[in-house]
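K.L.:
Supplied in structure tokens, the structure appears directly below.
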Ligand SMILES: Nc1ncnc2c1ncn2[C@@H]1O[C@H](COP(=O)(O)OP(=O)(O)OP(=O)(O)O)[C@@H](O)[C@H]1O
Ligand SMILES: [Mg+2]
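Protein chains in written order, with the working numbering: chain A, 1 to 293; chain B, 1 to 263.
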């Protein structure tokens, strides 16, 4: 046994095994020397384009060429942010409009996740379920949600239910499709390895299939939230008494352009935050995604 | 006493003209490190999948400790060539995964995982993730996982096939150490003749069209390694080289015969 441990190869193996693999890629020293510009080039470029647009807007609105009715100045919009947040617009503050919109999307998202993930898993593991559900989803998915909004209004009225239902349908399809795709792609070796370690069918689902499909499911949710958010805002243009879409729409009717611009900016910021939040969540929950294994 | 055995098994995949395996019998005893060697397509993976319970034979039987095998089970652990670790679990949790499935308490299963990781020379890697490891380290984790859950047989399908020659040799020596210390039976597939000769207590030579066992021998080189001789000394021994060349000739002869029959 001693001779076994003491061969040169054994020692080399031990050395190789104990040497840690670096967790992060260490940047090339040449890159570090060339300074802050090279290191954060993309960030600086994004900042530059943002500043250019803001500067152009500021210059144009102060030049006197475009009347404030068409293009209010950035300061005017900023001032409006304060008044709309405190005093409100159309019987509700900005936060109440925002809350109304967010509440709808959260309800719709919760429902779509609760229904979409089980259905997606079912389609991923069972060819019968796939055969039955696939045509239904493929039939309604390509139709723009606003096209069937009138039908939903006829059936369910112009209340909250219609709006949540519309957004739910917009989120549901991508969640189902991404889940079933993720589940169907689970590595056969991993499933088999788990089986030879004694996994039951439900253990396979909880400990192998769902974790492995998680990155795809999150991608589906991210895409669904994107379409859902734009659909929601559009739906509020049609029938609502509160919400960001409603705020923009009624401001436009009274030609309160600064509120229109304010509303658009808030809508864009929320969309961006949702996207970013989900990307962060994905990196947090599935750090292995995109790493070769 | 045989632990795992195939008795005259045949398998024909749907739509295939020839059976992948025809009338194969093989017994793995309690102290065996059985190696199946043969060219691509001779049915090695099919045979391993039968032992693992992933595939059922069309005729013949597979039995484990006297009982017929009808599906995968925790007493027959499989080490795959790649893609079998769970990337969302760290190395320690991967190794303890089988015990977790069996409901073993957390402290106990993690202690067991650390113990097995020491056996495969990865005592420091418990907190890392599979995608942060080299190919050789991943295979060690795969072996550790198969050992941790008190399996009785390890089934290994070209476990070192994707590794470079140097790492491969390290892994062969590691496997012999593990095999001796953990006292597990091993059934290992390879198409590397040197690997087969070095590791096997029993070597079965397989040939395609239809897949079958054409020769069985007991090389005994792994015993010399256990007795303290170095791997390089064994592999450069004239007796080793002569046997290697003889096996190559046999394999080529069977290839030619198979081609003549097919023609
Ligand atoms: N799922 C399958 N469906 C149809 N034919 C299969 C299937 N799996 C294997 N075969 C066929 O059965 C024969 C034996 O395959 P097997 O994978 O057992 O060979 P192998 O010896 O493991 O080859 P390799 O060394 O390339 O891995 C081959 O002719 C192969 O094409
Ligand atoms: Mg194979």
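Quick reminder that beta carbons are idealized off the backbone N, C-alpha and C, glycines included.
I want to check one thing, is the minimum distance from the CB of residue 129 of chain B to the heavy atoms of ligand 1 below 7 Å?
P.N.:
Start at 1 with the first residue of the second chain, and residue 129 of chain B comes out as number 129. Not under cutoff, so the answer is no.
K.L.:
Have a look at the DSSP bridge pairing and note the partners of residue 76 of chain B.
P.N.:
One-based indexing of the second chain puts residue 76 of chain B at position 76. In the DSSP output, where bridge partners are listed per residue, residue 76 of chain B has B:153.
K.L.:
In terms of residue numbering, what span does the beta strand (DSSP E) encompassing residue 7 of chain B cover?
P.N.:
As a working note, residue 7 of chain B is residue 7 in the second chain. Counting along the chain, the beta strand (DSSP E) containing residue 7 of chain B begins and ends at 4-11.
K.L.:
Return helix, strand or coil for residue 1 of chain A, following the three-state DSSP convention.
P.N.:
Indexing the first chain from 1 puts residue 1 of chain A at position 1. Any reading at residue 1 of chain A must be qualified, since the residue scores a pLDDT of 37, below 50, and its modelled position is unreliable; the value itself is stated next. It is coil, neither helix nor strand.
K.L.:
Anything in chain B within Cβ reach of residue 192 of chain A, meaning under 8 Å, just list it in chain order.
P.N.:
In the first chain, counting from the first residue as 1, residue 192 of chain A sits at position 192. Below the 8 Å Cβ cutoff, chain B contributes 52, 54, 72, 78, 80, 84 as neighbours of residue 192 of chain A, in chain order.
K.L.:
Between the beta-carbon of residue 4 of chain B and the beta-carbon of residue 211 of chain B, is there less than 8 Å?
P.N.:
Locating residue 4 of chain B in the second chain gives position 4, counting from the first residue. Locating residue 211 of chain B in the second chain gives position 211, counting from the first residue. Taking 8 Å as the Cβ cut-off, residue 4 of chain B and residue 211 of chain B do not qualify as a contacting pair.
K.L.:
Would you please verify whether the beta carbon of residue 159 of chain A is less than 8 Å from any beta carbon of chain B?
P.N.:
Here residue 159 of chain A is taken as the residue at index 159 of the first chain, counted from 1. No, no contact with chain B.
K.L.:
Just to confirm, are residue 101 of chain A and residue 243 of chain A a CB contact at a threshold of 8 Å?
P.N.:
Taking the first residue of the first chain as 1, we reach residue 101 of chain A at position 101. Taking the first residue of the first chain as 1, we reach residue 243 of chain A at position 243. Yes; because the gap between Cβ atoms is below 8 Å, this pair is in contact.
K.L.:
At 4 residues or longer, what runs of the alpha helix (DSSP H) sit wholly inside the segment 131-198 of chain B?
P.N.:
135-148, 165-182
K.L.:
On the criterion of 16 or more Cβ atoms from any shown chain inside 10 Å, does residue 254 of chain A qualify as buried, or is it exposed?
P.N.:
Within the first chain, the letter at position 254 stands for residue 254 of chain A. With a threshold of 16 other beta carbon atoms within 10 Å, residue 254 of chain A falls short and is exposed.
K.L.:
Please state the DSSP three-state secondary structure of residue 73 of chain A.
P.N.:
As a first step, residue 73 of chain A is located in the first chain; it is residue number 73 there, counting from the start. Here residue 73 of chain A sits in coil by DSSP.
K.L.:
Going straight from the alpha carbon of residue 224 of chain A to that of residue 184 of chain A, what length do you get?
P.N.:
The residue labelled residue 224 of chain A in the question sits at position 224 within the first chain. The residue labelled residue 184 of chain A in the question sits at position 184 within the first chain. About 20 Å.
K.L.:
I'd like to know whether the C-beta atoms of residue 233 of chain A and residue 245 of chain A end up nearer to each other than 8 Å.
P.N.:
Position 233 of the first chain, counted from the start, is the residue given in the question as residue 233 of chain A. Position 245 of the first chain, counted from the start, is the residue given in the question as residue 245 of chain A. Result yes, Cβ atoms of residue 233 of chain A and residue 245 of chain A sit closer than 8 Å.
K.L.:
Quick check on the contact list: which residues have their beta carbon closer than 7 Å to a heavy atom of ligand 2?
P.N.:
B:44, B:45, B:157, B:158, B:189
K.L.:
Based on the DSSP secondary-structure assignment, which residues constitute the bridge partners of residue 241 of chain B?
P.N.:
Here residue 241 of chain B corresponds to residue number 241 of the second chain, with the count starting at 1. Answer by DSSP bridge pairing: none, since residue 241 of chain B is not bridged.
K.L.:
Chain A beta carbons: is any one of them nearer than 8 Å to that of residue 60 of chain B?
P.N.:
Position 60 of the second chain, counted from the first residue, corresponds to residue 60 of chain B. So, not an interface residue.
K.L.:
Specify the secondary structure class of residue 253 of chain A as computed by DSSP and reduced to three states.
P.N.:
In the first chain, the residue the question calls residue 253 of chain A occupies position 253. If DSSP states are grouped into helix, strand and coil, residue 253 of chain A belongs with the helices.
K.L.:
In whole angstroms, give me the CA-to-CA distance for residue 273 of chain A and residue 50 of chain A.
P.N.:
For this step, residue 273 of chain A is matched to residue 273 along the first chain. For this step, residue 50 of chain A is matched to residue 50 along the first chain. Answer to the nearest angstrom: the Cα atoms are 17 Å apart.
K.L.:
Between the C-alpha atoms of residue 57 of chain A and residue 131 of chain A, what's the straight-line distance to the nearest angstrom?
P.N.:
As a position in the first chain, residue 57 of chain A is number 57, starting the count at 1. As a position in the first chain, residue 131 of chain A is number 131, starting the count at 1. Distance between the alpha carbons of residue 57 of chain A and residue 131 of chain A: 53 Å.
K.L.:
For the segment 196-222 of chain A, list every residue whose C-beta sits within 9 Å of some C-beta in chain B, in sequence order.
P.N.:
For the segment 196-222 of chain A, which is checked against every Cβ of chain B, the residues closer than 9 Å are 196, 197, 198, 199, 200, 203, 207, 208, 211, 212, 214.
K.L.:
Within a Cβ cutoff of 7 Å, which residues of the same chain sit near residue 264 of chain B, ignoring the five residues on either side of it in sequence?
P.N.:
This structure does not reach residue 264 of chain B, given that chain B is present from 1 up to 263, and the question cannot be answered.
K.L.:
If you check the beta carbons only, do residue 286 of chain B and residue 159 of chain B fall under 8 Å apart?
P.N.:
Only positions 1 to 263 of chain B appear in the structure, and residue 286 of chain B is not among them; the question remains open.
K.L.:
With 7 Å as the limit, tell me which residues of the segment 92-111 of chain B have their beta carbon closer than that to any beta carbon of chain A; keep them in chain order.
P.N.:
97, 98, 101, 102
K.L.:
Should residue 259 of chain B go down as buried or exposed, given a rule of 16 or more other Cβ atoms within 10 Å for buried?
P.N.:
As a working mapping, residue 259 of chain B is identified with position 259 in the second chain. Classification of residue 259 of chain B: exposed, given that the 10 Å Cβ count is below 16.
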